[in-house]
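S.K.: Residue numbering for the sequence shown is -17 to 594, as defined by the working numbering. Quick one: this structure, given as structure tokens, is what I'll be asking you about.
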Amino acid sequence: MLYPIMTTTRNLIDLSGVWRFKLDDGKGIENGYFKDRLYGKVYNMPVPSSFNDLIEDKEVREHVGAVWYEKEFELSKGILNEDRVVLRFGSVTHKAVVFLNGKEICRNKGGFLPFEVVLEKDMLVNRNRLTILVDNTLDNTTLPVGGVKELDNVSKGLEELMIPKVKRHIAYCVDFFNYSGIHRPVKIYTTPKEFIKDITLITDIVEEKGIIDYSVQASFDGDVFVEVIDKEGKNIATATGKNNRIEIENAKLWEPGAAYLYEIKVTLKDGDKILDVYYEKCGVRTVKVEAGKFLINGKPFYFKGFGKHEDSNSNGRGLNEVINRKDFSLMKWIGANSFRTSHYPYSEEIMRLADEEGIVVIDEVPAVGLHVNFMNTYMGIKSSQSTWEVLKTKEQHEKDIRELIKRDKNHPCVVMWCVANETALEEEGSYAYFKPIIDLARGLDAQKRPITLVSHIAYPLNTEEAHKVCAELDVLCFNRYYGWYWGVGEVELVEGVIVKELEMWWEHHKKPMMYTEFGADTVNGLKETTPVIYSEDYQQLYYEVHGRAFDKMEYFIGEQVWNFADFATRYDSIMRVGGNKKGIFTRERKPKMAAYTLKKRWEQIPDFNYKK
Ligand code: BDP
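See the structure below:
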């Protein structure tokens, strides 16, 4: 899916700014809130942003269900004379129904990927009213999986001593706050009648030559003209046809930390007449898993970095380009080279920035919370229900995989797809669920990038069912909390356990392995001479011990720490004090002491050939 840009044949309008916003009272649709201007208790609300932290009212922050957004706009004659006028949402979390001038024009389910609709001319008037119904409810069919529960404080026999029963719905999804709203930009773009629909790039390196195999999809069977422009703006190669190969002598490669991007200019023509023009960035690089190594440009790469969240003060999960820039700067400062888009696809804007900055990305769909027995497993309790019978996420999962790969396929920064985080791998039914999901992703990616799935705690995973799924993956990614959820306070003792477990997986699968999460909650400023949990000293020790274990393993290809920064979590859990505090940086992006420990370690670890 092409990112909206402005060219000589395309126009672009950004509808970001202050919109009108109202909570739904459960009767919005029935009462036709979309038919007229929103009235009553209406707030001003910036788009893009999460609405939750922007009104000092618990009813707003923790609202579960629908909310309404509204914006009026007029289009200039220039725009109205264009053939196709398209309304495009970067993301709306989690469900959207879009009304134009009181009529529904599209709906979407899935909170982290773009969707669009053509605005037919006869729907447009001079002053147009765009109304969006946004619903943040999660259930067993959504990704993330989540739910709504009612607070019920009544305990039999002690009614008179109990806090009054509160009928409050609590939205829960896994360990991150269910931020919602119009999270990414809303844009209107135009195209000519006959237009470029899609571009797919596959790159290769043969001897010194950079190879770009392109294919262009267009609405019209005209002539396609392709030019490659280098960083200095020079046109260095051309080709014609919808599918072709371009060879670049002495190509400059896209490398982690040293990104080089060419620009591919695609022109769709009818004889001499130019119909449409589009520009796509292209990094020439290869990715391959071979003999227990993860190869980028043919060299064994070592991942150093983080699991992140799109999470910042006030913005919540709303696009924050300033924080994105700052985070990449901090990643470079600390010696990191990569991150995972835990636990959902991030904005198109951050992916484009990662391309520019040479930051390597593991791209994850929002398949998180697919484990109805997680806590039981954790506590060794046998469960009576089966995850794969209870959940009905297949349709959404396939939709998200399709849309993610369609959106991100050309990004050189994306080196691996992650199809789920911490799911019920060990339960019967996981293979039947995941085999088609993995096959779908493999089939869709023209670049044939490696595929992974992130697994949780070790011991229940050693089942035949889990091994069957792992056999389908290219890299085994582990979230492990030895010295925190297991052996809390005893991180000195875990080095041997980490090594032993990794050896077991290697014996079984002979696949490269990495940690995609490991961490310890840490209160910034809490210091202890004897490292105790929550102290900065414990977090430092935690990473020192893990580093020692990782360095013993030949086929261990990387370490991504949990988490880059402290982040907001659900508010009804005493497991968290003001959010998850496993950040190496605070939520305000100030370093904790462990940042210096990791900086020291990572500055000595090269991007390539660390594990020979
Ligand atoms: C893992 C989850 C992650 C949590 C983390 C934690 O993948 O989302 O935030 O644990 O508990 O299970 O900190």
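Beta carbons: idealized from backbone N, C-alpha and C, even for Gly. All of these numbers come straight from a predicted model, not from anything done at the bench.
#1: Could you tell me whether any non-hydrogen atom of the ligand BDP is closer than 7 angstroms to the CB of H491?
#2: Quick check on R530: buried or exposed, where buried means 16 or more other Cβ atoms within 10 Å of its Cβ?
#3: For P442 and Y25, what's the separation of their Cα atoms in angstroms?
#4: How should N392 be labelled, buried or exposed, when 16 other C-beta atoms within 10 angstroms of its C-beta is the threshold for buried?
#5: Under a three-way DSSP split, which group does A576 fall into?
#6: So what does DSSP say about S311, is it helix, strand or coil?
#7: Could you give the distance in angstroms between the alpha-carbon of A414 and the alpha-carbon of L125?
#8: Indicate, with yes or no, if the ligand BDP has a heavy atom lying under 7 angstroms from the CB of N160.
#9: In the structure shown, what three-state DSSP assignment does N13 receive?
#10: I need the straight-line Cα distance from V401 to K374, nearest angstrom please.
#11: Decide if the segment 299 to 318 is in contact with the segment 95 to 109; the criterion is three or more beta carbon pairs, one per stretch, under 8 angstroms apart.
#12: If the criterion is Cβ atoms closer than 8 angstroms, does the pair G325 and V350 meet it?
#13: If you compare alpha carbons, which of E38, Q429 and V372 is closest to M398?
#14: Using the C-alpha atoms, what's the distance from K169 back to I114?
#15: With H, G and I counted as helix, E and B as strand and the rest as coil, what does DSSP make of Y463?
#16: Measure the alpha-carbon distance for T512 versus V505 and round it to whole angstroms.
#17: Using 10 angstroms around the beta-carbon of V436, count the other beta-carbons present and answer buried if the total reaches 16, otherwise exposed.
#18: Is K388 close to chain E, meaning its C-beta is less than 8 angstroms from at least one C-beta of that chain?
#19: Distance check for V266 and E245, CA to CA, integer angstroms please.
#20: Applying the criterion that 16 or more other CB atoms from any shown protein chain within 10 Å of the CB defines a buried residue, is D252 buried or exposed?
#21: Thinking G561 and T551 are a contact (beta carbons under 8 angstroms), I'd like their distance in whole angstroms, please.
#22: Could you tell me whether the segment 57 to 68 touches the segment 85 to 96, using the rule of 3 or more Cβ pairs below 8 angstroms?
#23: Determine the extent of the alpha helix (DSSP H) in which I332 is found, giving its start and end residues.
#24: DSSP three-state label for C264, please.
#25: When every heavy atom of the ligand BDP is checked, does at least one fall within less than 7 angstroms of the C-beta of E404?
#26: First and last residue of the beta strand (DSSP E) that includes T512?
#27: Assign E542 to one of three DSSP states: helix, strand, or coil.
#28: I need the boundaries of the alpha helix (DSSP H) containing I420, first residue and last residue.
#29: Report the rounded CA-to-CA distance for D337 versus A233, giving the unit in angstroms.
#30: Tell me whether the beta-carbon of V235 lies closer than 8 angstroms to the beta-carbon of I193.
#31: Let's see if you can read the secondary structure: which residues bound the alpha helix (DSSP H) around T359?
#32: Taking V481 as part of the alpha helix (DSSP H), name the residues at either end of that continuous run.
#33: Helix or strand or just coil, what does DSSP make of M105?
#34: Below 8 angstroms, how does it come out for the segment 514 to 523 and the segment 568 to 577: are there three or more Cβ pairs, yes or no?
#35: Roughly how many whole angstroms lie between the Cα atoms of F202 and K381?
#36: D212 by DSSP, collapsed to three states: which one?
M.R.: Here's the rundown:
#1: With a threshold of 7 angstroms, the Cβ atom of H491 does not count as near the ligand BDP, since no heavy atom of the ligand is closer than that.
#2: The Cβ neighbour count for R530, taken over all protein chains shown within 10 Å, is under 16; the residue is labelled exposed.
#3: P442 and Y25: Cα-Cα distance of roughly 49 angstroms.
#4: Classification of N392: buried, given that the 10 Å Cβ count is 16 or more.
#5: The answer is helix: DSSP assigns A576 an H, G or I state.
#6: In this structure, S311 counts as helix in the three-state DSSP scheme.
#7: Cα atoms of A414 and L125: separation of roughly 19 angstroms, rounded to the nearest angstrom.
#8: False, no ligand heavy atom lies under 7 angstroms from that Cβ.
#9: Reduced to three states, the DSSP call for N13 is coil.
#10: Using only the alpha carbons, I get a separation of about 16 angstroms.
#11: Contact fails between the segment 299 to 318 and the segment 95 to 109, because fewer than three Cβ pairs, one in each stretch, are under 8 angstroms apart.
#12: Correcting the residue type first, residue 325 is His in the shown sequence and not Gly. With contacts defined by Cβ atoms closer than 8 angstroms, H325 and V350 form a contacting pair.
#13: Closest option to M398, Cα to Cα, is Q429.
#14: Whole-angstrom Cα-Cα distance: 14 angstroms.
#15: Note: Y463 maps to coil in three-state DSSP.
#16: C-alpha separation (whole angstroms): 15 angstroms.
#17: Its Cβ being crowded by 16 or more others within 10 Å, V436 is buried.
#18: The structure shown has no chain E; it contains just one protein chain.
#19: If I take the Cα positions, the gap works out to 11 angstroms.
#20: Exposed: under 16 other Cβ atoms inside 10 Å.
#21: Yes, they are in contact, since the Cβ atoms of G561 and T551 sit about 5 angstroms apart, within 8 angstroms.
#22: As far as the Cβ criterion goes, the segment 57 to 68 does not touch the segment 85 to 96, which means the pair count is below three.
#23: Run containing I332: E330 to E339, per the alpha helix (DSSP H) assignment.
#24: Of the three classes helix, strand and coil, the one that applies to C264 here is strand, per DSSP.
#25: Correct: E404 has its Cβ closer than 7 angstroms to the ligand BDP.
#26: Per DSSP, T512 is not a residue of any beta strand (DSSP E), being assigned neither H nor E.
#27: Sequence check: residue 542 is Gln here, not Glu. Strand.
#28: Per DSSP, I420 belongs to the alpha helix (DSSP H) from S412 to L426.
#29: Rounded to whole angstroms, D337 to A233 spans 17 angstroms at the Cα level.
#30: Residue identity check: residue 235 is Leu in the sequence provided, not Val. L235 is not a Cβ neighbour of I193, given a cutoff of 8 angstroms.
#31: F356 to M361 is the extent of the alpha helix (DSSP H) around T359.
#32: From DSSP, the alpha helix (DSSP H) with V481 extends over E477 to H491.
#33: Under the three-state reduction of DSSP, M105 is assigned to helix.
#34: Yes, the segment 514 to 523 touches the segment 568 to 577.
#35: The alpha-carbon of F202 is positioned some 27 angstroms away from that of K381.
#36: Looking at D212 - three-state DSSP - the assignment turns out to be coil, as it is neither helix nor strand.
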